[in-house]
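Sequential numbering of the sequence shown, starting at 100, is according to this note's numbering.
Everything below concerns the one structure shown next.
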Amino acid sequence: MAPVRPFAFYRDGLFWLACTAYSANRWLVKPHVSSAFVRGHLNDVWLIPCALPLVLWLHERCGLRTEGPPRLAEIAGHVAGWSVLFEWIGPRYLPWTTADAWDVVWYGVGATLGWVWWQRVSRAERKPLGFDALAPHYRWLEAVLAGPLLQRCRTRHIEALSESRDVLVLGPGRGRFVRRLLDTAPRARLTLVDSSLEMLRRVERDLQAAGVESARVRFVHADIRTWIPERPAFDAIASHFFLDCFAAEELAAIVRRVADWSAPGALWVVSDFRVPDRGWRRRRAQAIHALMYTAFRYVTRISARAVSPPDASLSRAGFALVSRHVSNQGLLHADLWRLAPADGCGSTLLR
Numbered sequence: 100m101a102p103v104r105p106f107a108f109y110r111d112g113l114f115w116l117a118c119t120a121y122s123a124n125r126w127l128v129k130p131h132v133s134s135a136f137v138r139g140h141l142n143d144v145w146l147i148p149c150a151l152p153l154v155l156w157l158h159e160r161c162g163l164r165t166e167g168p169p170r171l172a173e174i175a176g177h178v179a180g181w182s183v184l185f186e187w188i189g190p191r192y193l194p195w196t197t198a199d200a201w202d203v204v205w206y207g208v209g210a211t212l213g214w215v216w217w218q219r220v221s222r223a224e225r226k227p228l229g230f231d232a233l234a235p236h237y238r239w240l241e242a243v244l245a246g247p248l249l250q251r252c253r254t255r256h257i258e259a260l261s262e263s264r265d266v267l268v269l270g271p272g273r274g275r276f277v278r279r280l281l282d283t284a285p286r287a288r289l290t291l292v293d294s295s296l297e298m299l300r301r302v303e304r305d306l307q308a309a310g311v312e313s314a315r316v317r318f319v320h321a322d323i324r325t326w327i328p329e330r331p332a333f334d335a336i337a338s339h340f341f342l343d344c345f346a347a348e349e350l351a352a353i354v355r356r357v358a359d360w361s362a363p364g365a366l367w368v369v370s371d372f373r374v375p376d377r378g379w380r381r382r383r384a385q386a387i388h389a390l391m392y393t394a395f396r397y398v399t400r401i402s403a404r405a406v407s408p409p410d411a412s413l414s415r416a417g418f419a420l421v422s423r424h425v426s427n428q429g430l431l432h433a434d435l436w437r438l439a440p441a442d443g444c445g446s447t448l449l450r
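Rendered as structure tokens:
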């Protein structure tokens, strides 16, 4: 029998995923969707994965439990306890709360998810972390955490690439943008660069299932910080929720490298997170970013601890901002940048 790992408590990956999912749904998704499940029950799923690790950590500190992952009795006890608290005691004494039997069902779903996760990761033969570990879950995580918001951001400026011929896509994720771009730019050939081989494999599989002509797409498993293209003359670049994975000094070096590979007048579409300048929107974004970066640094080992705006790096590399669209109370931005043409003339238009 494989040895059992100590339980990570508040360092557990599911704990941070659940906290991030809860916060994102509470502040990012719920205000913009009408789904009864998303608005009324999705956060119930995350209750046990959020609460149980902290309670068990307190139990461990007080000497009330032994080492190891949460036991089935502990998980079931928490489902029962939170159900009584929120669905019986709360509605009896707090007039603004209501009882809903379906809440208990979704507490159980989250508890089952936690049980499966904690049993799996407690074994010594644990898979290494990184984007390869995230790849199987990337699509449903995006759907749960952000709904359609990120895809809208990715495709905001996609029509500007309709005449592109040689496009570099940095960190294609699960390929939703890639499929749209292949339809939008019928003469384009795409080079997809990702450090996660599993991400690339899944994109390739999905494109094949959709009947996409494979000759139009080249898959490159490489780290953008060290990769050197064979024919560096890209007339368009796309990076969606990619640049925010790098610390500021790495980001500046990456932008310089990509600029060296770009043809004069090349377009660069960028989608990323941002922090508004002031007010409650800034505090909201900072809270979301804190949870997001903590979770992603744990799971994927990214170098960034906070989002680094790419504007200064892009400008120093010769790109000029053509258009910027800010959405979701300033949390997201979609940019279109253009590299100065060979004669050095260019224009900037802010919308």
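Yeah, the Cβ is synthetic: ideal placement off N, Cα and C, and Gly gets one too.
Fair warning: this is a prediction, and the values are worked out from it, not measured in the lab.
Taking just the CA atoms, how far does residue j sit from residue i?
{"i": "F276", "j": "R125", "result": "26 Å"}
{"i": "R383", "j": "V398", "result": "23 Å"}
{"i": "H140", "j": "D202", "result": "6 Å"}
{"i": "A439", "j": "V354", "result": "14 Å"}
{"i": "S446", "j": "S414", "result": "Legend: pLDDT at S446 = 41, less than 50; position of this residue unreliable, no value from coordinates given."}
{"i": "W436", "j": "V406", "result": "19 Å"}
{"i": "G180", "j": "S426", "result": "40 Å"}
{"i": "V302", "j": "L116", "result": "23 Å"}
{"i": "D231", "j": "R191", "result": "47 Å"}
{"i": "F345", "j": "S412", "result": "13 Å"}
{"i": "I401", "j": "R255", "result": "26 Å"}
{"i": "L113", "j": "L171", "result": "17 Å"}
{"i": "R164", "j": "Y121", "result": "27 Å"}
{"i": "Q135", "j": "N142", "result": "For the sequence presented, residue 135 should be read as Ala rather than Gln. If you take the alpha carbons of A135 and N142, they lie about 12 Å apart."}
{"i": "D305", "j": "W326", "result": "25 Å"}
{"i": "Q511", "j": "P375", "result": "The requested residue 511 does not occur in the structure, where the chain is confined to residues 100 to 450."}
{"i": "P235", "j": "P194", "result": "43 Å"}
Of all the options the options, which has the alpha carbon lying nearest to the alpha carbon of residue i?
{"i": "R381", "options": "S414, L430, A346 and R404", "result": "L430"}
{"i": "E329", "options": "R301, D359 and G207", "result": "D359"}
{"i": "A200", "options": "S182, L193 and P194", "result": "S182"}
{"i": "E166", "options": "F108, A179, E186 and F185", "result": "F108"}
{"i": "G417", "options": "R400, R396 and A365", "result": "A365"}
{"i": "F185", "options": "E173, W205 and A172", "result": "W205"}
{"i": "I174", "options": "L163, T197 and T211", "result": "T211"}
{"i": "R264", "options": "P375, H158, F333 and A242", "result": "F333"}
{"i": "R138", "options": "E241, Y237 and G246", "result": "G246"}
{"i": "P409", "options": "D434, S402, R400 and R396", "result": "D434"}
{"i": "V368", "options": "I327, A419 and R377", "result": "A419"}
{"i": "E159", "options": "F106, R324 and P331", "result": "F106"}
{"i": "A352", "options": "S422, R324 and R377", "result": "R324"}
{"i": "V132", "options": "A314, E258 and A242", "result": "A242"}
Where do the N-terminal and C-terminal ends of the alpha helix (DSSP H) with residue i fall, by residue?
{"i": "R381", "result": "G378 to T399"}
{"i": "I336", "result": "Taken as a continuous stretch (DSSP letters only), I336 belongs to no alpha helix (DSSP H), being part of the beta strand (DSSP E) at F333 to H339."}
{"i": "G270", "result": "Segment: none, G270 is in no alpha helix (DSSP H) and carries neither H nor E."}
{"i": "A347", "result": "A347 to D359"}
{"i": "V277", "result": "R275 to T283"}
{"i": "S412", "result": "D410 to R415"}
{"i": "R238", "result": "Y237 to A245"}
{"i": "C344", "result": "Element bounds for C344: n/a, residue is neither H nor E."}
{"i": "Y192", "result": "G189 to Y192"}
{"i": "T119", "result": "G112 to A123"}
{"i": "S182", "result": "L171 to V183"}
{"i": "A308", "result": "L296 to A308"}
Using beta-carbon positions only, say whether residue i and residue j come within less than 7 Å of one another.
{"i": "L281", "j": "V311", "result": "yes"}
{"i": "D322", "j": "D343", "result": "no"}
{"i": "W145", "j": "G189", "result": "no"}
{"i": "P169", "j": "W217", "result": "yes"}
{"i": "I336", "j": "V357", "result": "yes"}
{"i": "R373", "j": "H424", "result": "no"}
{"i": "T119", "j": "A389", "result": "no"}
{"i": "L244", "j": "A347", "result": "no"}
{"i": "S261", "j": "T290", "result": "no"}
{"i": "H339", "j": "R253", "result": "yes"}
{"i": "V178", "j": "G213", "result": "no"}
{"i": "R300", "j": "R273", "result": "no"}
{"i": "L269", "j": "F341", "result": "yes"}
{"i": "V316", "j": "A287", "result": "no"}
{"i": "Y392", "j": "R404", "result": "yes"}
Could you check where the beta strand (DSSP E) with residue i kicks off and where it finishes?
{"i": "T290", "result": "R288 to D293"}
{"i": "H140", "result": "Looking at the DSSP string, H140 is not in any beta strand (DSSP E), and its letter there is neither H nor E."}
{"i": "I164", "result": "The amino acid at residue 164 is misidentified as Ile; the sequence shows Arg. Looking at the DSSP string, R164 is not in any beta strand (DSSP E), and its letter there is neither H nor E."}
{"i": "A419", "result": "F418 to S426"}
{"i": "V319", "result": "V316 to H320"}
{"i": "A433", "result": "L431 to L438"}
Does the structure place the stretch 128-135 close enough to the stretch 145-160 that three or more beta carbon pairs sit under 8 Å?
No contact exists between the stretch 145-160 and the stretch 128-135.
Do three or more CB pairs link the stretch 360-369 to the stretch 285-303 at distances below 8 Å?
The stretch 360-369 is not in contact with the stretch 285-303.
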